[in-house]
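A short worksheet on the structure shown next.
Numbering (our numbering), first residue to last: 62 to 997.
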């Protein structure tokens, strides 16, 4: 807090310097504007970029005369002399390779050339955004080096950098104009569902590695910065409209709509405002994997215990005497929602510059509403969810103070697995269904002469549909069987629609599937750069504060008696200094973070960048940094009964919050004198359990010596030590080269594991102890409960990788690019036999692009190709192999200068088969689009 007050006081110093203002435009040799050009004062790191019309304004504390340096990707740099305040300049750039002169801010919280970045950075500027072959610029991020997507839904894509990521990537952070875009309850980014419109995005920067030293907890395996345009420099009315069709084997061919509008205006040099609105509507990539999780053939016809991956309700299973293991008939995922996707994004901001300098006050509000599908332990239909962010920010040349609030409302969202279970129960409860099944199975053989296969079919038809083929047969004991409930609700009927609506609106998971969430994050950041006060080196100080308020009414968290709240804060310092005639740049930083639930964490980072060559264009870098990740809100406070198992968070006070009553077997009541029900809590899950593997072995052998006690510690923060080397250059022949390699060492790796708790007795290894013997009996009787618990792995985990990116103009304006990434990990399974890595990343990836935005007059094109080899997917929902894939995307564009418009035709996954990125999610098909953008 003292640092906060200190830095707040400093910002008054930051607004007293005299300012020189320059404005102008940047054009190419054909007199066309160059958007996204970098404009900076020679000798200073401060700068700006041109808007979509090639215009810019820049303020500096320097007094004339001085020089401006202007550069842009694909053009040579140019210097312009400034001799007076308020001077207007025009710069004409000639074609040349200058990719690595782009200005970034993310790597060190200060403007610097990407060539001199101390860590790996990928960037997408205005030109790349316009030329993307993907349906949106966010989809186009998949073509960047180091980026891999995990696609849960057509409109929900999760970014994976450097591995260990599922759809819920808690190791990746996304900042939109400085605001963490993560869901307050889920603690991971919901793709671009609450991000920026492509009309308003100015640039996107990606740091693939650990960044905790500057950005705190969870900036662990990568961080994405999405920066919007200023209404002072990017004014006017812009619009885009897209129409196309999606094609998928399961869903067929369906319409795709997307349109957006942006309005921005500077009412004076002191006040400006902007507003954005986008709407997208499409049909889902439908998930329809029918493979049986329990093994055997697909469907119940020849597999009485069938459990389809994307069929829900068939997880309900029991062992029937003289019959075997039987599961209920489930419902396909495609029948558990309308498979329609919508996303509405809107934002509004007011910008005030009260003085004639860079000091600016920004008040903004963002809103995202929509439907999508999220895959966690189950598959969830997010229906009419709402996420909002409200921000107030004060910033100047050398500082910013920012406070924002993120709220969410789950709306009408529901768990599709529980929906199926409880639709079945509405028609016929489980006991009645299995009784009907067993009755028909056994008696059809006795009185009807049916074979076992025939009896299974008759039994399922009777239990499901109350169809009795023996009805009306005189003298047959089966003729007068009475069903114990209603027939199964058939998808497509009014009865089924009413049943789905009923369970989807019910928040009691014993009868419904709705989950509630009105959680909130309160966050503030502050930063001050002392470069105008201290000349020896560039120093920065900053800090942050965050409060979580979890509010799910007990449907996700154990907040049965009110919201759960806890706080985190952090502070950091950084020094940056150049030596050896500015050839060697040193950056050192350290951050301290403290959660009220855990001990504090220090995160240091040091890096060196050496610029070799006469023109300083051979840049070598080396860095060491640490990162840490606090356990998520779910790791700490989840308490969710998922049927076959329950999820229990690891916060000490959460263990007693979660309790459940479970029915004891009749055998245990009769022979062991156990009560009819027992109550278990998180205490038993964490302190009185066996490992799943050992219970499986015990079931096969009957030998108690096979049972192993699960030694589980309460969760604590995860840490990573990251080492990185890199090289960037543009060679004399115009070849741009970007090479990097990294090695990560993880400690206290956050993970989940499944344990089995006996209803009675004590989990142990002393077979002479009567209480331990009682636990053996509980396991043997089936009186046991599976829990998914949250802890840290005892094993050492390492990952390493390297990448190389090359690009060059190969003929006139034809730009060719190619990049390769390698990623792998290792760990000692013997130290933690139950550890599941969930690396979920291909070992080899290759991407290539070929484009020319000046193919001939007003025409441009771009082609992208991606290949990755097969890899193992592991998650709490399902495991499996993701096959190798090859994907081609392409676009062709035509500029209409008279109306400042661009017409574009694009296609994704051209000519390819539907492909998979997440086991359990829908396969990705093809998308063909036509779009018109006015005043981009």
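In this text, a Cβ means the ideal position worked out from N, Cα and C, and glycines have one as well.
Remember, it's a predicted structure, so these values are computed and weren't measured experimentally.
Work out the CA separation of residue j and residue i for me, nearest whole Å.
i: residue 534; j: residue 358; result: 34 Å
i: residue 614; j: residue 437; result: 20 Å
i: residue 318; j: residue 955; result: 20 Å
i: residue 610; j: residue 621; result: 13 Å
i: residue 823; j: residue 817; result: 12 Å
i: residue 668; j: residue 133; result: 27 Å
i: residue 469; j: residue 579; result: 5 Å
i: residue 525; j: residue 973; result: 40 Å
i: residue 488; j: residue 962; result: 57 Å
i: residue 22; j: residue 153; result: Only positions 62 to 997 of the chain appear in this structure, which leaves residue 22 out of reach.
i: residue 295; j: residue 327; result: 9 Å
i: residue 808; j: residue 601; result: 29 Å
i: residue 225; j: residue 852; result: 16 Å
i: residue 381; j: residue 237; result: 55 Å
i: residue 847; j: residue 480; result: 21 Å
i: residue 94; j: residue 874; result: 17 Å
i: residue 131; j: residue 141; result: 8 Å
i: residue 439; j: residue 477; result: 8 Å
i: residue 433; j: residue 471; result: 12 Å
i: residue 929; j: residue 205; result: 14 Å
i: residue 386; j: residue 378; result: 7 Å
i: residue 757; j: residue 203; result: 41 Å
i: residue 943; j: residue 212; result: 12 Å
i: residue 683; j: residue 155; result: 33 Å
i: residue 679; j: residue 182; result: 16 Å
How would you label residue i, buried or exposed, when you count the other beta carbons within 10 angstroms and need 16 or more for buried?
i: residue 316; result: exposed
i: residue 351; result: exposed
i: residue 594; result: exposed
i: residue 872; result: exposed
i: residue 401; result: exposed
i: residue 760; result: exposed
i: residue 291; result: buried
i: residue 158; result: In this prediction, residue 158 has a pLDDT of 49, which is less than 50 and means its spatial position is unreliable; what the coordinates show is noted afterwards. The residue in question, residue 158, is buried, as its Cβ has 16 or more Cβ neighbours within 10 Å.
i: residue 125; result: exposed
i: residue 356; result: exposed
i: residue 117; result: buried
i: residue 417; result: exposed
i: residue 958; result: exposed
i: residue 67; result: For residue 67, the predicted model reports a pLDDT of 46, less than 50, meaning its position is unreliable; a value from the coordinates is still stated below. With fewer than 16 Cβ atoms within 10 Å of its Cβ, residue 67 is classed as exposed.
i: residue 960; result: exposed
Between the options, which lies nearest to residue i when the distance is taken from Cα to Cα?
i: residue 685; options: 888, 803, 558 and 435; result: 803
i: residue 739; options: 844, 475, 756 and 677; result: 844
i: residue 184; options: 566, 288 and 83; result: 288
i: residue 2; options: 423, 925, 917 and 474; result: Because the chain here runs from 62 to 997, residue 2 falls outside it and cannot be looked at.
i: residue 419; options: 120, 922 and 915; result: 120
i: residue 101; options: 364, 174 and 393; result: 174
i: residue 210; options: 171, 290, 251 and 188; result: 251
i: residue 731; options: 774, 827 and 842; result: 842
i: residue 395; options: 734, 561, 931 and 856; result: 561
i: residue 371; options: 383, 390 and 144; result: 390
i: residue 552; options: 177, 215 and 392; result: 392
i: residue 373; options: 349, 383 and 379; result: 349
i: residue 376; options: 604, 363, 384 and 353; result: 353
i: residue 628; options: 637, 801, 577 and 585; result: 585
Give me the Cβ distance between residue i and residue j, rounded to the nearest whole Å; I'm assuming they're in contact under 8 Å.
i: residue 746; j: residue 625; result: Between residue 625 and residue 746 the Cβ distance is about 19 Å, and since that is not below 8 Å, they are no contact.
i: residue 690; j: residue 279; result: 6 Å
i: residue 466; j: residue 583; result: 5 Å
* Is the region 231–249 in contact with the region 649–663, if contact means three or more CB pairs nearer than 8 Å? -> no
* Inter-stretch contact at 8 Å, needing at least 3 Cβ pairs: the region 772–786 / the region 882–890 -> no
* To do: Indicate whether the contact test is met: 3 or more Cβ pairs, each with one atom in the region 659–673 and one in the region 764–774, closer than 8 Å.
  => no
* Are the region 897–916 and the region 225–234 in contact at 8 Å, needing three or more beta carbon pairs? -> yes
* Stretch-stretch touch, CB-based, cutoff 8 Å, three pairs: the region 446–457 with the region 327–341 -> no
* **Cβ pair count under 8 Å reaching 3, the region 911–925 against the region 936–952** => yes
* Asked: Are at least three pairs of beta-carbons, each pair with one atom in the region 190–209 and one in the region 965–972, less than 8 Å apart?
  -> yes
* Any 3 or more C-beta pairs closer than 8 Å across the region 632–647 and the region 144–151 -> no
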